[in-house]
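Colleague:
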Amino acid sequence: MAAIEEVGNGARVKEQDSVSAAPAAGSIEIRHCDQVSEFQACVELQREVWGFSDAELVPVRMFVVAHKIGGQVIGAFSGQALVGFALSVPGVRAGNPYLHSHMLAVKQEYRNAGLGRQLKLAQREEAIARGFELMEWTFDPLEIKNAYLNIEKLGAIVRRYSVNQYGITSSPLQAGLPTDRCIAEWWLRSHRVCRLLESGEREPFAAEKTITVPALIYHWKSDPAKRDRARDVQLANREQFLNAFGKGLAVLGYSRDAEGTGSYLLAQAHEVFAFSAGQKHI
Ligand SMILES: CC(C)(COP(=O)(O)OP(=O)(O)OC[C@H]1O[C@@H](n2cnc3c(N)ncnc32)[C@H](O)[C@@H]1OP(=O)(O)O)[C@@H](O)C(=O)NCCC(=O)NCCS
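Following our numbering, the numbering of the sequence shown begins with -14 at its first residue and continues without gaps.
Now the structure itself:
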């Protein structure tokens, strides 16, 4: 059995299978989930956060499978209550193992206190300990907050775009729009990521292209009468992303203005983001 250690603020981290991270707000414990009851709590939180219909929920069985086959189910607990989780599954590309992080969720009242970032850092720490070089996940490019977290706080890059990846889903977060996704690549031990996590600052670069998402996007998505505007932004940005990625540009930065409008900053990457086994392109 793993020992339990007090880490300050009353938060406790399991020592042996620990994915240690400092507590966010109050006393939060971040640790692996390995009980069916904990996987059930993840499914309930998933239902609460995304509002999926039963048919679209990732079921308990899949959490069990992820846990058993070398993926990650990492939870954030306030006492006994699960308040956040990250789920990843192992994948292979051209012979190279990597982790695909399928879900990250934080309960509404615990958001914007650094917990989402801590769950990602816990994933990274555990992945590096097992020898992984890359973690990927997809995110909706219209979600300004997620883009900022992924690119500016974690150091992920984007150079691939998937059109309507899951088809139309029942989640109100998607508002009936096509499920276009940016593919975030998190090169766990890259200079870019290490520098950002150590200093809080990413490598400066001159943006060659910007792609903007207006702050009003959340309002437009949630109002059926204005949803067409959100769809127009999605379509226009889709073209720009596909075009820029086709020219070899990558998203290396993200800026937010005072009104909350977000801009993807794209340029040619100078650092080589590739598996050390030699494969240059993924
Ligand atoms: C995405 C999610 C997991 C983030 O969790 P979180 O605990 O709030 O994240 P953090 O607090 O670590 O970081 C969020 C950052 O975004 C910032 N942010 C908040 N609202 C924002 C907005 N509208 N625009 C831009 N940035 C925003 C926060 O201020 C914070 O940055 P800071 O640390 O510099 O202040 C959470 O919002 C969530 O569960 N969303 C619904 C599900 C989802 O979209 N999951 C991800 C895709 S699978």
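For glycine and all other residues, C-beta sits at the position ideal for the given N, C-alpha and C.
So for F24, helix, strand or coil by DSSP?
Modeller: Your numbering for residue 24 matches position 39 in the sequence shown. In this structure, F24 counts as helix in the three-state DSSP scheme.
Colleague: Quick check on DSSP: helix, strand or coil for H255?
Modeller: Counting from one through the sequence shown, the residue named residue 255 turns up at place 270. Three-state result, H255: coil.
Colleague: Measure the Cβ-Cβ separation of I129 and V198 and say whether it is below 8 Å.
Modeller: Translated into the one-based positions of the sequence shown, residue 129 becomes position 144. Translated into the one-based positions of the sequence shown, residue 198 becomes position 213. Against a cut-off of 8 Å, the Cβ pair of V198 and I129 comes out as a contact.
Colleague: Pair every Cβ in the segment 155 to 165 with every Cβ in the segment 233 to 253, then say whether three or more of these pairs are closer than 8 Å.
Modeller: Segments in contact, no.
Colleague: Between the Cα of E41 and the Cα atoms of Y249, A141, S86, G152, which residue gives the shortest distance?
Modeller: Position 56 of the sequence shown, counted from the start, is the residue given in the question as residue 41. Looking at the Cα atoms, G152 is the closest of the given residues.
Colleague: Taking 8 Å as the threshold (C-beta atoms), are F48 and V34 in contact?
Modeller: Position 49 of the sequence shown holds residue 34. Position 63 of the sequence shown holds residue 48. Against a cut-off of 8 Å, the Cβ pair of F48 and V34 comes out as no contact.
Colleague: Going by beta carbon distance, what residues of the same chain come within less than 8 Å of F24, once the five residues before and after it are set aside?
Modeller: Here residue 24 refers to the residue found at position 39 of the sequence shown. Counting only Cβ-Cβ distances below 8 Å, and skipping sequence neighbours, we find C18, V45, F48, V49, H52, V58.
Colleague: Among the candidates F37, A259, F62, I15, whose CA atom is the shortest distance from the CA of Q159?
Modeller: Counted from its first residue, the sequence shown places residue 159 at position 174. The residue with the shortest Cα to Cα distance from Q159 is F37.
Colleague: Please classify P268 as buried or exposed, where buried requires at least 16 neighbouring CB atoms within 10 angstroms.
Modeller: For residue 268 there is no data in the structure shown, the boundaries of the chain being -14 and 267.
Colleague: Can the beta-carbon of L251 be found closer than 8 Å to that of A262?
Modeller: On the sequence shown, residue 251 is found 266 positions in, with the first residue counted as 1. On the sequence shown, residue 262 is found 277 positions in, with the first residue counted as 1. Going by C-beta atoms, L251 is not nearer than 8 Å to A262.
Colleague: Alpha carbon to alpha carbon, how far is V218 from S248?
Modeller: In the sequence shown, counting from the first residue as 1, residue 218 sits at position 233. In the sequence shown, counting from the first residue as 1, residue 248 sits at position 263. Going from the Cα of V218 to the Cα of S248 covers about 13 Å.
Colleague: Would you report the Cα separation of Q253 and G231, rounded to the nearest angstrom?
Modeller: The residue given as residue 253 occupies position 268 in the sequence shown. The residue given as residue 231 occupies position 246 in the sequence shown. Roughly 12 Å separates the two Cα atoms.
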